[in-house]
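**Q** Once you've had a glance at the structure underneath, I'll fire off some questions.
In our numbering, the protein residues as written are 32 to 462.
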């Protein structure tokens with residue numbers, strides 16, 4: 032949520048460039064382009080209709096791989112019906128365990144960076160690293176949406192049927208999941224009471240639920256945009272990391288994900304009442320860079336997440352990554368339309384790191400190392416305005432939760448994670 036109040040001439044240039052990019056998107060893919068940036072409610076509805084997965088954030092009731100009370104982000108598939116986000120969930124899932132423990136307030140964070148072509152390149156140039164001056168998942172025109180409210184299990188027969196129809200259409204593999212027995216998948220939804228959006232420079236838009244639901248969603252064609260653009264690796268000087276390790280190697284998988292992904296969802300405990308409730312687990316799509324397993328970020332005190340961390344009551348956070356965001360290709364396990372392929376498919380790995388967040392000492396050796404890594408992976412960061420006071424910060428990891436295969440989550444010890452070696456006793460499975 033970078034706040035960049037550019038002068039009007041540059042704003043007009045950026046708007047013209049965005050219009051040209053969207054015209055190209057329509058020509059290449061046949062998909063309906065996002066609404067204009069001055070129609071915030073319609074943009075939010077468009078994102079809910081076109082994006083297939085995001086980060087469902089809860090307040091942790093668990094002490095394995097995370098601390099009780101921590102904000103916990105979990106990559107999750109969903110489908111909307113008239114703007115309402117619906118989910119297909121199991122009571123065995125960590126997020127549902129948190130909700131059933133009594134903390135029923137949740138947020139769903141979405142990023143337009145999740146709109147990828149088959150070769151991994153971003154459909155929208157605003158999200159593509161190396162595209163233009165500011166292209167990046169953290170670039171404000173690469174829109175980010177956070178929907179907040181109370182989780183509710185859907186019981187009404189017609190609503191369940193309508194929700195399943197939407198979920199199964201968008202995520203065909205869900206039809207193969209067991210609706211009874213041990214896993215007992217069911218339909219849940221968020222009863223929205225907060226909508227937070229950044230889709231352009233100038234700070235977040237707070238949209239009332241009334242305006243959100245009243246917005247014209249005619250652009251929401253449910254088509255899946257594609258592009259003929261080259262992959263992001265061709266825009267960068269360095270080669271991408273090799274493909275994912277075996278899912279039977281959880282430590283190697285965790286380290287690979289931290290090295291290979293460009294962005295994730297930074298989840299904080301909200302200290303704000305605009306667009307969310309104070310105390311909500313607030314997910315925010317965030318770019319990052321890896322230095323020896325430590326995730327570093329480039330933040331400003333104008334950003335919502337930084338306000339939560341450094342002006343609120345808790346500096347703890349979680350950082351959720353999904354292999355569905357791999358920038359070089361859509362991995363088969365994550366690819367919707369293959370037998371079980373989906374961002375919610377367990378072999379489409381999900382990693383959640385948790386710990387204390389701290390600013391890096393300015394002009395220290397660590398600061399130089401962190402900025403070098405950040406600027407190499409996200410070249411546009413060098414162009415951010417000095418007047419906004421950007422700084423490097425990091426997560427001091429003390430919890431690691433990973434799903435990379437069927438059978439439950441692996442809880443990895445931080446010491447073993449930093450050693451980077453898989454062995455028989457390096458992790459335990461939590462069912």
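Beta carbons are placed, not taken as given, at the ideal position from N, Cα and C, and that holds for glycine.
Which one of 369, 109, 360, 278 has the shortest CA to CA distance from residue 453?
**A** With distances taken between Cα atoms, residue 453 lies closest to 278.
**Q** Please say whether residue 335 and residue 315 have beta carbons closer to each other than 9 Å?
**A** Cβ distance < 9 Å, so residue 315 and residue 335 count as in contact.
**Q** In terms of alpha-carbon separation, which member of 435, 187, 227 lies closest to residue 176?
**A** When only C-alpha atoms are compared, the closest one is 227.
**Q** Below 9 Å between beta carbons: does that hold for residue 85 and residue 123?
**A** Not a contact, by the Cβ cut-off of 9 Å.
**Q** Quick check on the DSSP output: the beta strand (DSSP E) that includes residue 358 runs from which residue to which?
**A** Note, residue 358: premise wrong, no beta strand (DSSP E); not H, not E.
**Q** Can you give the Cα-Cα distance for residue 457 and residue 418, rounded to whole angstroms?
**A** The predicted model places residue 457 with a pLDDT of 49, which falls under 50 and marks its position as unreliable, so this point remains unresolved.
**Q** I'd like to know if the segment 88–107 and the segment 430–440 are in contact, where contact means that at least 3 CB-CB pairs between them fall below 8 Å.
**A** With a cut-off of 8 Å, the segment 430–440 and the segment 88–107 count as touching, because enough Cβ pairs lie within range.
**Q** Provide the residue(s) that pair with residue 131 in DSSP beta bridges, ordered along the chain.
**A** Its beta-bridge partners do not exist; DSSP assigns none.
**Q** On the DSSP bridge list, what partners appear for residue 88?
**A** Its beta-bridge partners are 104, 138.
**Q** At which residues does the beta strand (DSSP E) containing residue 198 begin and terminate?
**A** Segment 188–201 is the alpha helix (DSSP H) holding residue 198; no beta strand (DSSP E) there.
**Q** Kindly provide the ranges of any beta strand (DSSP E) runs that are 3 or more residues long and lie completely inside the segment 414–449, ordered along the chain.
**A** With a minimum length of 3 residues, the continuous beta strand (DSSP E) runs that stay inside the segment 414–449 are 422–434, 440–443.
**Q** Are the CB atoms of residue 68 and residue 231 nearer to each other than 9 Å?
**A** In contact: residue 68 and residue 231 (Cβ atoms closer than 9 Å).
**Q** Should residue 423 be counted as a contact of the ligand COA given a C-beta to heavy atom distance under 8 Å?
**A** Ligands in the displayed structure: none, and consequently the ligand COA is not present.
**Q** Quick check on DSSP: helix, strand or coil for residue 220?
**A** Correct three-state label for residue 220: strand.
**Q** Just mark residue 195 as buried or exposed, buried being the case when its beta carbon has 16 or more other beta carbons within 10 Å.
**A** Residue 195 should be labelled buried.
**Q** Residues in its own chain within less than 6 Å of residue 179 by CB, not counting five upstream and five downstream?
**A** 138, 225, 307, 311, listed in sequence order.
**Q** Put residue 268 into one of helix, strand or coil per three-state DSSP.
**A** Legend: pLDDT at residue 268 = 35, less than 50; position of this residue unreliable, value from coordinates given subsequently. Residue 268 falls in the coil class under three-state DSSP.
**Q** Quick test of the definition: if touching needs 3 or more C-beta pairs under 8 Å, does the segment 351–367 touch the segment 375–390?
**A** In short, these stretches touch, since the Cβ pair count reaches three.
**Q** With three or more beta-carbon pairs closer than 8 Å as the criterion, would you say the segment 69–80 touches the segment 396–406?
**A** In short, these stretches do not touch, since the Cβ pair count stays below three.
**Q** With DSSP as the reference, label residue 319 as helix, strand or coil.
**A** If DSSP states are grouped into helix, strand and coil, residue 319 belongs with coil.
**Q** For the putative contact between residue 89 and residue 134, defined by C-beta atoms under 8 Å, what is the C-beta separation to the nearest angstrom?
**A** Contact flag correct, Cβ pair sits at about 6 Å.
**Q** Return the first residue and the last residue of the beta strand (DSSP E) that residue 387 is part of.
**A** Run containing residue 387: 381–390, per the beta strand (DSSP E) assignment.
**Q** Are the segment 182–192 and the segment 156–174 touching by the rule of at least three beta carbon pairs closer than 8 Å?
**A** No: fewer than three Cβ pairs fall under 8 Å.
**Q** Excluding sequence positions up to five away, which residues of its chain have a Cβ less than 8 Å from the Cβ of residue 127?
**A** Result list for residue 127: 120, 121, 219, in chain order.
**Q** Taking C-beta to C-beta, are residue 345 and residue 96 nearer than 9 Å?
**A** Cβ distance not < 9 Å, so residue 345 and residue 96 don't count as in contact.
**Q** Hey, residue 425 and residue 391: beta-carbon distance below 9 Å or not?
**A** Contact flag set, yes.
**Q** Using the DSSP secondary-structure output, state which residues sit across from residue 299 in a beta bridge.
**A** DSSP, once it has assigned bridges, lists 313 as partnering residue 299.
**Q** If you measure between the beta carbons of residue 443 and residue 281, is that distance less than 9 Å?
**A** Their beta carbons are under 9 Å apart, which means residue 443 touches residue 281 by this criterion.
**Q** Residue 116 bridges to which residues according to DSSP?
**A** DSSP lists 111 as partners of residue 116.
**Q** Enumerate in chain order the residues of its own chain whose CB-to-CB distance from residue 445 is below 7 Å, with the five nearest sequence positions on each side excluded.
**A** Closer than 7 Å at Cβ, skipping near neighbours: 428, 429, 431.
**Q** Hey, would you say residue 451 sits closer than 9 Å to residue 320, going by beta carbons?
**A** Result no, Cβ atoms of residue 451 and residue 320 do not sit closer than 9 Å.
**Q** Return the CA-CA distance between residue 275 and residue 109, expressed in angstroms with no decimal places.
**A** Those two C-alpha atoms are separated by around 25 Å.
**Q** Give a yes or no on whether the C-beta atoms belonging to residue 411 and residue 166 are separated by under 9 Å.
**A** Result yes, Cβ atoms of residue 411 and residue 166 sit closer than 9 Å.
**Q** May I ask you to list the residues that DSSP assigns as paired with residue 243?
**A** Answer is none; residue 243 lacks a bridge partner.
**Q** Considering only residues of the same chain and omitting the five flanking positions on each side of residue 402, which have a CB-CB separation below 6 Å?
**A** Cβ neighbours of residue 402 beyond the five flanking positions: 423.
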